[in-house]
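Numbering (my numbering), first residue to last: 2 to 288.
Heads up, the beta-carbon is just placed ideally off N, CA and C, and yes, glycines get one too.
What you are looking at is a predicted structure, and each value in this text was computed from that prediction instead of being measured.
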Ligand code: ATP
Ligand code: MG
C-alpha cells in the first residue's frame with residue numbers, strides 16, 4: 002500500500018513527476034480520519050511494547066519546505082504516543098558550538114536509546130538541502146583538505162554510512178518528506194498574513210526563500226536519491242491536503258513499527274516462581 006510513497010533505492014524519485022495533491026489511499030476525509038484514529042491506537046500499543054522490550058530504537062525524521070505542515074504533523078504524532086521514551090528533537094540554524102564540531106555531532110547526541118522513539122524536526126539533511134542551495138559549506142569546510150566540488154557528495158555518503166551504522170546498532174531511521182506545491186505554500190503564507198492567530202508564524206524571509214524553490218526541489222530530489230536505502234527508506238508524502246498527509250504518516254509509522262515487531266519481554270520460569278511466592282506473601286499480608 003505504501004509502496005508508491007516509499008523510496009528504498011530501487012527506483013528514482015522524480016520531483017516534477019510526483020503529485021503533491023493526490024489522495025489515492027483514501028479519497029474521503031472522514032474515512033481517513035477514522036482510519037488514522039485506529040492506526041494511532043495500534044501505534045500506541047506497539048510503542049509500549051517497544052519501550053518494554055528495549056531491543057530497537059526508532060528515528061522518524063521530517064523534512065519539508067516551509068508551511069508544508071511539518072510542525073502540526075509532528076504535534077499530532079506525539080499526541081498519540083505515551084511520553085515515556087518519546088521525544089522531539091528540532092534542528093535549527095547551528096550554533097557556534099555546533100559549527101565548531103563535525104556536522105553529525107549534534108545529530109548523534111539526539112539519537113534515541115533502544116526502546117525509544119525520536120521525532121526529528123529537520124535533521125542531518127539540512128546540510129545537503131539549505132547547505133547545498135546556499136553553499137554554506139564554503140564557509141565551513143577546510144578547503145585545503147576537501148575539494149569543495151565534492152563536499153555534498155561526501156555528505157550523502159556520510160549520511161548513508163551513519164544511518165547504516167545506526168541500523169546495525171538497532172536504531173532504525175525512516176525519513177519523511179512532506180511534499181507541498183509552490184502554489185499551496187503561497188496560500189498558506191497568505192493565511193498567515195490574513196489570520197491574526199497565525200501572524201506569529203509568518204516571517205518575510207520565508208517568502209524570500211521562494212525564489213530558491215526550484216533549487217530546493219532539486220536538492221530534495223538529489224538527497225533522496227542518494228540516501229534512500231532498504232534499511233533507511235524515504236517516504237514522499239503528498240502534503241497539499243493536510244488531512245491526507247497526516248493519515249499517510251500514521252500508516253508509515255504503523256507499518257514501520259509492525260515491521261520492527263516489538264514484544265513484551267517473556268517472563269522466565271525462575272521469575273514466575275518468584276512471582277508466585279511473592280503473591281502468597283502479599284496475600285498473607287493483605288488479610
Ligand atoms: P520551522 O521552520 O522548522 O518550523 P522555525 O521557523 O521555528 O522552525 P527557524 O528559526 O526557521 O525555526 O529554524 C529553522 C531554520 O534552521 C531553517 O531555515 C533551516 O533551514 C535552518 N537550519 C537547520 N539546520 C541547518 C543547518 N545544518 N545549516 C543551516 N541551516 C539550518
Ligand atoms: Mg522557519
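| query | result |
| --- | --- |
| beta-carbon residue 137 near ligand 1 non-hydrogen atom, thresh 7 Å | yes |
| Contact check, residue 190 vs residue 68, beta carbons under 8 Å | yes |
| Short Cβ contact (8 Å threshold) for residue 265 with residue 27 | no |
| Spatial neighbours of residue 7 in its chain, beta-carbon cut-off 6 Å, leaving aside the 5 residues before and after | 234 and 236 |
| Beta-carbon proximity of residue 129 to residue 240, cut-off 8 Å | no |
| Backbone secondary structure at residue 179 - three-state DSSP | strand |
| Closest Cα partner of residue 115 within the set 53, 164, 160 and 147 | 53 |
| Best match in 197, 161, 199 and 251 for proximity to residue 35 [C-alpha to C-alpha] | 251 |
| Cα-Cα separation, residue 171 to residue 261 | 10 Å |
| Any non-hydrogen atom of ligand 1 within 7 Å of residue 176 CB | no |
| Local Cβ density within 10 Å of residue 76, reported as buried at 16 or more and exposed below that | exposed |
| Runs of beta strand (DSSP E) wholly within the stretch 39-126 (minimum 3 residues, chain order) | 58-65, 87-91 and 118-122 |
| Rounded C-alpha distance that separates residue 287 from residue 280 | 10 Å |
| Proximal residues to residue 182 (C-beta, below 8 Å), its chain only, five neighbours per side dropped | 21, 22 and 241 |
| Residue 235 - containing beta strand (DSSP E), residue span | 235-239 |
| The stretch 209-224 in contact with the stretch 103-110 per 3-pair CB rule at 8 Å | no |
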